[in-house]
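Mapping of the sequence shown onto our numbering: residues 3 to 269, in sequence order.
We put the CB at the ideal spot given by N, CA and C, even for glycine.
First the structure, in the form of structure tokens, and then the observations on it.
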Amino acid sequence: MNHLLRGHAPITDGAWEAIDREARHRLATVLAARKLVDFTGPHGWAHAATPLGRSAALATTPGTGVLARQRRVLPLVELRLPFTLSRAELDDIERGAPDPDLGPLDEAALRIAVSENATVFHGYPEAGIVGISEASDHAELALPTEPEQLPMAVAKAVDLIRGAGIAGPYGLAISPEGYTSIIETTEHGGYLLFDHLRHILDGPVVRAPGLAGAVVASLRGGDFLLETGQDLSIGYLSHTADTVDLYLEESLSFRVTEPGAAVYLRG
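Pasting the structure below:
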């Protein structure tokens, strides 16, 4: 038994399998930041902080002539989102129902994935996390309102990163609205805008809920580090005769090690 307390839930093994499968499916389509940054973990629920490889001198020391330095770390932040499922729907899974109503799980998966994306792209100051858009040392670019103008802006962003001596390939993360406009647009001569952008980037175009605007980033590795103690998991809270209260939870840290490896396009 671990801290998720799944063994206390009135949920059969078959129902748990269906719940976990649905969560994986929903999360995979929304966890956009993980497609552009380096991901390490999970290191376990007890993993509390990410070492930064640095130290700071302390003002006082424990003894005469003793020098003291304290290691610097980035504490992990725990994200949790409760949701409630119907016990009748869970029972129907055991009866072989192919379409149980797991809507509350779907909504919870969307919301916590969007929160993770927002943390990576825009930061979480209270948790000590600086996002990619804030960390970039390049001047912000304007995200064009006309999709046909996007390749020029993306090419400029790529040029800025490459000019800083940072190799590709590169990727584009963009808000859902921007992504939709890309896939709906065909340029002059019938050339798909989506394909044009991937040619400029030599990398993916990613739909990123939780991102306001767009980010062009190098995918060479080592510049953006997302670490999890516990990766996204489902735990048990309580139940009644009719419902089961569960939650999605993860612990994570994020840091930018090379501010020149990304350009933010503000929408």
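Top-ranked residue by Cα proximity to residue i, from the options
| i | options | result |
| --- | --- | --- |
| Gly55 | Ala48, Asp40, Pro64 and Arg74 | Arg74 |
| Arg303 | Val217, Leu78 and Tyr238 | The structure shown does not extend to residue 303, since the chain is modelled only from 3 to 269, so the question has no answer here. |
| Asp139 | Val208, Gly205, Val122 and Thr259 | Thr259 |
| Phe226 | Ala219, Val39 and Leu112 | Val39 |
| Ala137 | Phe256, Asn4 and His5 | Phe256 |
| Glu24 | Pro100, Arg36 and Gly165 | Pro100 |
| Ile114 | Ala129, Pro84 and Gly165 | Pro84 |
| Leu203 | Gly170, Tyr238 and Arg209 | Gly170 |
| Ala157 | Glu96, Gly98 and Ala219 | Ala219 |
| Gly224 | Gly180, Ala263 and Ala129 | Ala263 |
| Ala58 | Val116, Leu213 and Ala70 | Ala70 |
| Arg28 | Leu107, Asn119, Pro102 and Ala129 | Leu107 |
| Lys37 | Gly173, Ile185, Gln232 and Thr187 | Gly173 |
| Gln72 | Val246, Ser135 and Pro53 | Pro53 |
| Thr182 | Thr147, Arg97, Ala166 and Pro127 | Thr147 |
| Trp18 | Ala61, Pro102 and Pro44 | Pro102 |
| Glu179 | Leu7, Glu80, Arg209 and Gly98 | Arg209 |
| Phe41 | Pro261, Glu251 and Gly231 | Gly231 |
Strand pairing of residue i, partner residues [DSSP]
| i | result |
| --- | --- |
| Gly237 | Tyr249 |
| Thr188 | Leu194 |
| Ile176 | Arg209 and Ala216 |
| Ser138 | In the DSSP output, where bridge partners are listed per residue, Ser138 has none listed. |
| Leu87 | Val246 |
| Ser255 | Glu229 |
| Val75 | Pro53 |
| Tyr181 | Answer is none; Tyr181 lacks a bridge partner. |
Per-residue DSSP class, three states only, for residue i
| i | result |
| --- | --- |
| Ala58 | strand |
| Ile13 | coil |
| Pro53 | strand |
| Val265 | strand |
| Leu221 | coil |
| Asp40 | strand |
| Arg209 | strand |
| Arg97 | coil |
| Gly165 | helix |
| Ala243 | coil |
| Ala144 | strand |
| Val68 | coil |
| Pro102 | coil |
| Val132 | coil |
| Thr63 | coil |
| Glu80 | strand |
Same chain, Cβ closer than 6 Å to residue i, neighbours up to 5 away in sequence not counted
| i | result |
| --- | --- |
| Val132 | Gly125 |
| Val116 | Pro211 and Gly212 |
| Gly205 | Pro171, Tyr172, Gly173 and Leu221 |
Nonlocal neighbours in the same chain, by C-beta distance under 7 Å from residue i, ignoring five residues either side
| i | result |
| --- | --- |
| Gly215 | Leu145, Ser177, Tyr266, Leu267, Arg268 and Gly269 |
| Ala159 | Leu143, Val218, Val265 and Leu267 |
| Leu112 | Arg28 and Val32 |
| Pro261 | Ala137, Ser138 and Asp139 |
The ligand GTP heavy atom lying under 7 Å from the CB of residue i
| i | result |
| --- | --- |
| Ile202 | Of ligands this structure carries none, so the ligand GTP is not represented either. |
Cβ neighbours of residue i in the same chain (closer than 8 Å, five flanking residues each side left out)
| i | result |
| --- | --- |
| His5 | Trp47 and Gly237 |
| Glu96 | Thr14, Gly16 and Ala17 |
Contact between the region 238-248 and the region 80-89 (3+ Cβ pairs under 8 Å):
Touching, per the Cβ criterion.
Using 8 Å as the Cβ pair cut-off and three pairs as the minimum, do the region 6-24 and the region 90-108 touch?
The answer is yes - the region 90-108 touches the region 6-24, with three or more Cβ pairs under 8 Å.
With a threshold of 8 Å, are at least 3 pairs of Cβ atoms found where one atom belongs to the region 195-206 and the other to the region 152-161?
yes
Using 8 Å as the cut-off, can you tell me whether the region 28-36 makes contact with the region 53-71, which would need three or more C-beta pairs spanning the two stretches below that distance?
no
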